[in-house]
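Enquirer: In this note's numbering, the protein residues as written are 278 to 470. In this text, a Cβ means the ideal position worked out from N, Cα and C, and glycines have one as well.
(1) Which residue from 357, 401, 395, 344 puts its Cα closest to that of residue 385?
(2) Using beta-carbon positions only, say whether residue 434 and residue 402 come within less than 9 Å of one another.
(3) Short check: CB of residue 444 to CB of residue 419, under 9 Å?
(4) What is the C-beta distance between residue 342 and residue 406, in whole angstroms, given that I count them as a contact (C-beta under 8 Å)?
(5) Go ahead and label residue 437 buried or exposed: buried means 16 or more other beta carbons lie within 10 angstroms of its beta carbon, across all protein chains shown.
(6) Hey, would you say residue 395 sits closer than 9 Å to residue 353, going by beta carbons?
(7) When DSSP labels each residue in this structure, what does residue 422 get in the three-state scheme?
(8) Rounding to the nearest angstrom, what Cα-Cα distance links residue 458 and residue 446 in this structure?
(9) Quickly, what does DSSP pair residue 335 with across the bridge? List them, please.
(10) Could you tell me whether the Cβ atoms of residue 404 and residue 381 are closer together than 9 Å?
(11) Alpha carbon to alpha carbon, how far is residue 335 from residue 421?
(12) If I measure Cβ to Cβ from residue 349 and keep anything under 8 Å in the same chain, skipping five residues before and after, which residues do I get?
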């Protein structure tokens, strides 16, 4: 079999795999939309005002979220002070050589990424506090079922139950794998053409 025939067969297989993936993705999107609608309906039906929620549980969860928020705010403010102090210190030291400058830039990027991650966590905590006030806190966005107490204690701003989160992670992993395969296939075809 000629190389061109093998390339055509591989291309055809990749095309069929991609078409199958598109069909699956469309079905997954439809199923997600249906689950989201069921979840909203379920939450609308089961939405309990704050007064109906076990008062002790409400107070405890709010305390956990607010404490976590304070810890992160303190950490972010500390990191920001450190970054500012290091920036001011570097101008006093004078000109850095290229290696020192590059290392400092990398360190600054790492610090910025850490601060950004903490800011995203703060947004999630604020959203969880809002849901707690509304009475929708603790229900899975995907299936509408109650998120386990154990999961909420470990990750108080969780928006999915363990099963739905695992399914989401598997779907994301599958999507990344398909993207890698598409990239490799296009690279192969570019090399052939």
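Expert: Straight from the coordinates:
(1) Translated into the one-based positions of the chain shown, residue 385 becomes position 108. Checked all of 357, 401, 395, 344; the closest Cα to residue 385 is 357.
(2) Residue mapping note: residue 434 aligns to position 157 of the chain shown, counting from 1. Residue mapping note: residue 402 aligns to position 125 of the chain shown, counting from 1. Yes, the pair counts as a contact, with Cβ atoms nearer than the cut-off.
(3) Mapped onto the chain shown, residue 444 falls at position 167. Mapped onto the chain shown, residue 419 falls at position 142. Closer than 9 Å, so yes.
(4) On the chain shown, residue 342 is found 65 positions in, with the first residue counted as 1. On the chain shown, residue 406 is found 129 positions in, with the first residue counted as 1. The beta-carbon distance between residue 342 and residue 406, rounded to whole angstroms, is 5 Å. This is short enough to meet the 8 Å contact definition.
(5) By 1-based counting over the chain shown, the position of residue 437 is 160. Buried.
(6) Working through the chain shown from its first residue, we reach residue 395 at position 118. Working through the chain shown from its first residue, we reach residue 353 at position 76. Yes. Within cutoff.
(7) As a first step, residue 422 must be located in the chain shown, where it is residue number 145. Three-state DSSP puts residue 422 in coil, outside helix and strand.
(8) Taking the chain shown and counting its residues from 1, one reaches residue 458 at position 181. Taking the chain shown and counting its residues from 1, one reaches residue 446 at position 169. If I take the Cα positions, the gap works out to 18 Å.
(9) Position 58 of the chain shown, counting from 1, holds the residue named residue 335. DSSP output for residue 335 lists no bridge partner at all.
(10) Residue 404 sits at position 127 when you count from the first residue of the chain shown. Residue 381 sits at position 104 when you count from the first residue of the chain shown. Not a contact, by the Cβ cut-off of 9 Å.
(11) Locating residue 335 in the chain shown gives position 58, where the first residue counts as 1. Locating residue 421 in the chain shown gives position 144, where the first residue counts as 1. The straight-line gap from Cα to Cα measures roughly 19 Å.
(12) Numbered from its first residue, the chain shown carries residue 349 at position 72. Exclusion of the five residues before and after residue 349 leaves 395, 398, 399, 402 as the residues of its chain whose Cβ lies within less than 8 Å of its Cβ.
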